[in-house]
Amino acid sequence: MKVLVINAGSSSLKYQLFDMDGEKVLAKGNCEKIGADDSFVVYKANGMEKVIDVYMPTHSEAMQQVLKLLTDKEIGVLKSLDEVEAFGHRVLHGGEIYKDSVIVDDEVLKNLETLMPLGPLHMPANIAGIRSCMEVCKGKPNVAVFDTAFHQTMPDYAYLYGLPYEAYRDWKIRKYGFHGTSHKYVSGELAKVMGKPIEELKLITIHLGNGSSICAVKNGKSIDTTMGFTPLEGLVMGTRCGDVDASVLEYIADKTGWDIHQITNYLNKKSGILGINGVSGDMRDNNAQIEAGNKRAKLVIDMLAYRIKKYIGSYAAAMGGLDGIAFTGGVGENQGDLREYATNDLEFLGIELNKEKNYNLPRGTVEELSTPDSRVKIYRIPTNEELVIARDCVRLCK
186 MKVLVINAGS
196 SSLKYQLFDM
206 DGEKVLAKGN
216 CEKIGADDSF
226 VVYKANGMEK
236 VIDVYMPTHS
246 EAMQQVLKLL
256 TDKEIGVLKS
266 LDEVEAFGHR
276 VLHGGEIYKD
286 SVIVDDEVLK
296 NLETLMPLGP
306 LHMPANIAGI
316 RSCMEVCKGK
326 PNVAVFDTAF
336 HQTMPDYAYL
346 YGLPYEAYRD
356 WKIRKYGFHG
366 TSHKYVSGEL
376 AKVMGKPIEE
386 LKLITIHLGN
396 GSSICAVKNG
406 KSIDTTMGFT
416 PLEGLVMGTR
426 CGDVDASVLE
436 YIADKTGWDI
446 HQITNYLNKK
456 SGILGINGVS
466 GDMRDNNAQI
476 EAGNKRAKLV
486 IDMLAYRIKK
496 YIGSYAAAMG
506 GLDGIAFTGG
516 VGENQGDLRE
526 YATNDLEFLG
536 IELNKEKNYN
546 LPRGTVEELS
556 TPDSRVKIYR
566 IPTNEELVIA
576 RDCVRLCK
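Residue numbers (this note's numbering): 186 to 583.
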């Protein structure tokens, strides 16, 4: 079964074509600057890469370009579009409506539109990506896979805020959590390499990238996670501040005269790693700044490691124990010093990092990073959110 996975952003569209018989990636790439005069498509297949300048006014034209490349007589990997049996879509928000992935029909589309206020930046693009596939390839099943679905197993005492209950009842203000496909995949892989059923394990998955979150997975289910009503809550991230006292917003408004939209932009786009080091929200740039002597860049590592450590301790307490930890995401997979600082002094929890093995790891491999005496197993596990989406397509469409 061949599945095309789509991740549509406001002006972009990422894609991967899978042959699920062997879970192989046949082709992948992205469409960038959709709607702009200088839009282009990146296409990778059979060891080659092409960048093609082409005008794509909407996501529909972007999908047409992707399908055209996949079936191109010279560089394509499909003889015809009939070979694609399903389309899988990463969708930011399922609200409380969707606790699992779902085949999209008219009712699902209507429900997704009602959820747009919960994800105003991402949901319109996600819906546009689905509609474009339905338009270009009529009759093919489209599956929506939600970033929030994995966290719908959180108990009410974990997802509710201390606001008047009416705020939840009437406005659905609660913790939803994100990165669900990543946490689902990585926790499953962690159980596999530990050689135990996930239903018997207490795990913590740590996804660190430009956006970062941690998840407590007890017996295979998410019971808590660091991102909240939006992806702003939790850890210090690329440009997001993470946990902050809500009264800071009023204080900033008094100091600046900004409205709530300017303040929200400040917290989401100007804060985090960028705000602290004053140069860049990219961890690679932050590392270069450390080498250049920027003390605030070192402060970034200390702050992030401290928050990771706090959440490890709190989630171990929430689950009544801990069996395994997995680091994933671009930063989590490649930043050895951050993994070390985040696990230092946690021996009392049975967490002991093999500090020699922790550094200079080959890219893209699963690696155990705990010492032989560590009661809690520590792993570096590359995530694969697209594969989770493709697997859900197979599960729902076969």
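No residue lacks a Cβ here, since even glycine has one placed at the ideal position from N, Cα and C. Note that the coordinates shown come from a computational prediction; the quantities given were computed from them, not determined experimentally.
Expected contact under 8 Å - CB spacing of residue i and residue j to nearest Å
{"i": "Thr366", "j": "Val330", "result": "6 Å"}
{"i": "Gly423", "j": "Leu459", "result": "7 Å"}
{"i": "Tyr370", "j": "Thr568", "result": "6 Å"}
{"i": "Phe203", "j": "Ala575", "result": "4 Å"}
{"i": "Gly396", "j": "Ala334", "result": "Their Cβ separation, rounded to whole angstroms, is 17 Å, which puts Gly396 and Ala334 out of contact at 8 Å."}
{"i": "Ile563", "j": "Ile510", "result": "5 Å"}
{"i": "Met248", "j": "Leu277", "result": "Incorrect: roughly 19 Å between the Cβ atoms, too far for contact."}
Alpha-carbon spacing of residue i relative to residue j, whole angstroms
{"i": "Glu234", "j": "Phe225", "result": "13 Å"}
{"i": "Asp206", "j": "Asp428", "result": "43 Å"}
{"i": "Arg425", "j": "Asp267", "result": "43 Å"}
{"i": "Arg275", "j": "Gly478", "result": "40 Å"}
{"i": "Gln315", "j": "Leu254", "result": "The displayed chain sequence assigns Ile, not Gln, to residue 315. Cα to Cα, Ile315 sits roughly 19 Å from Leu254."}
{"i": "Leu407", "j": "Ile219", "result": "For clarity, residue 407 is Ser in the given sequence; the question names Leu instead. One C-alpha to the other measures close to 35 Å."}
{"i": "Ala230", "j": "Met468", "result": "29 Å"}
{"i": "Ile475", "j": "Pro340", "result": "41 Å"}
{"i": "Gly584", "j": "His244", "result": "Absent from the model: residue 584. The displayed extent of the chain is 186 to 583, so no value can be given."}
{"i": "Ser398", "j": "Lys258", "result": "43 Å"}
{"i": "Lys284", "j": "Thr338", "result": "8 Å"}
{"i": "Leu294", "j": "Gly214", "result": "26 Å"}
{"i": "Cys318", "j": "Leu189", "result": "10 Å"}
{"i": "Gly405", "j": "Lys387", "result": "8 Å"}
{"i": "Asp409", "j": "Ile358", "result": "16 Å"}
{"i": "Pro302", "j": "Gly380", "result": "42 Å"}
{"i": "Trp443", "j": "Glu435", "result": "10 Å"}
Identity of the residue in the options nearest residue i by Cα
{"i": "His336", "options": "Ala401, Thr424, Ala230, Ala473", "result": "Ala401"}
{"i": "Glu553", "options": "Ala376, Leu294, Leu393", "result": "Ala376"}
{"i": "Leu393", "options": "Lys253, Gly517, Asp267", "result": "Gly517"}
{"i": "Asp508", "options": "Pro340, Ile383, Leu254", "result": "Ile383"}
{"i": "Ser559", "options": "Val289, Phe533, Lys284, Lys495", "result": "Phe533"}
{"i": "Tyr496", "options": "Ile566, Pro242, Gly419", "result": "Gly419"}
{"i": "Asp521", "options": "Gly505, Ser499, Arg565", "result": "The displayed chain sequence assigns Gly, not Asp, to residue 521. That would be Arg565, whose Cα lies nearest to the Cα of Gly521."}
{"i": "Ile191", "options": "His364, Val251, Asp204, Ala221", "result": "Val251"}
{"i": "Gly232", "options": "Gly261, Val579, Lys295", "result": "Gly261"}
{"i": "Asp222", "options": "Lys213, Lys209, Tyr228, Ser196", "result": "Ser196"}
{"i": "Val236", "options": "Glu246, Val287, Leu263, Cys216", "result": "Cys216"}
{"i": "Ser265", "options": "Cys322, Gly535, Asp291", "result": "Cys322"}
Cβ neighbours of residue i in the same chain (closer than 6 Å, five flanking residues each side left out)
{"i": "Leu297", "result": "Ile312"}
{"i": "Pro305", "result": "none"}
{"i": "Ala352", "result": "Ile358"}
{"i": "Ile288", "result": "Pro326, Val328, Leu581"}
{"i": "Tyr361", "result": "Thr333"}
{"i": "Val227", "result": "Gly214, Asn215, Val236"}
{"i": "Tyr344", "result": "Arg359, Lys360"}
Exposed unless 16 or more other CB atoms sit within 10 angstroms - verdict on residue i
{"i": "Glu320", "result": "exposed"}
{"i": "Ile445", "result": "exposed"}
{"i": "Leu523", "result": "buried"}
{"i": "Glu571", "result": "buried"}
{"i": "Pro416", "result": "buried"}
{"i": "Glu374", "result": "buried"}
{"i": "Gln201", "result": "buried"}
{"i": "Thr441", "result": "exposed"}
{"i": "Asn471", "result": "buried"}
{"i": "Val269", "result": "buried"}
Other residues of its chain near residue i: CB distance less than 7 Å, five sequence neighbours each side excluded
{"i": "Glu525", "result": "Leu538, Lys540, Asn543"}
{"i": "Val239", "result": "Ser224, Phe225, Val226, Gln250"}
Contacts around residue i, its chain only, beta-carbon distance under 8 Å, and the 5 residues preceding and following it disregarded
{"i": "Val421", "result": "Ser397, Gly427, Gly457, Ile458, Ile461, Val485, Met488, Leu489, Arg492"}
{"i": "Val464", "result": "Asp470, Asn471, Gln474, Asn479, Ala482"}
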